[in-house]
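Numbering (my numbering), first residue to last: 29 to 211.
Note that the Cβ used here is the ideal one computed from N, Cα and C, for glycine as well.
If you're wondering where the values come from, they're calculated on a predicted model, not measured in any experiment.
What follows is a short report on a single structure.
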């Protein structure tokens, strides 16, 4: 494909001007610094979910988590892009995640623990697998943020509507069968 005119700045450069002109290794270091700053806030949101076990509706408890997840991923994804421009940089990025224990398991575990607690209380369907459902919720948040980054805000559902859809379509809450009316 032929490109005319000056090259458009990379999404990371637009979202994070400090990445402009950075080497890939510097971009990874900047991204990891951002991750170390933002991830604890995101993980605190997930950890605080346990305080909601047995209270309110499960879907209502998960809505702010889904919205916070979309916001978190929208913020960090653009800065992550430089980490994947070369195999050696990707390997360095993966090593750094392992060293700092900032990988996906740190997000999945608290959400799965909450879902397991709710399942134990009978508030989540017994056939729900908490870890798989946690991964699906987070994947939905990541996907929403990813599409927004490329297509732009307004090209799809709002973040609020996206969060509602993600939680609703997990279909976690137990459905109590209706008893037939007596005649």
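Residue i vs residue j beta-carbon contact at 7 Å
i	j	result
residue 162	residue 140	yes
residue 173	residue 98	yes
residue 108	residue 169	no
residue 138	residue 60	no
residue 86	residue 201	yes
Identity of the residues DSSP links to residue i by a beta bridge
i	result
residue 201	152
Residue i in three-state terms, based on DSSP
i	result
residue 132	coil
residue 39	Confidence is the limiting factor: at residue 39 the pLDDT is only 45, short of 50, which leaves the residue's position unreliable, though a coordinate-based value still follows. The answer is helix: DSSP assigns residue 39 an H, G or I state.
residue 190	helix
residue 98	helix
residue 106	helix
residue 118	helix
residue 51	coil
residue 157	coil
residue 185	coil
residue 72	helix
residue 140	helix
Review point. For the stretch 66-79 against the stretch 100-107, are there 3 or more C-beta pairs whose distance is under 8 Å?
Key: yes
Exercise for review: Count the CB pairs spanning the stretch 81-94 and the stretch 185-199 that are closer than 8 Å, and state whether there are at least three.
Suggested key: yes
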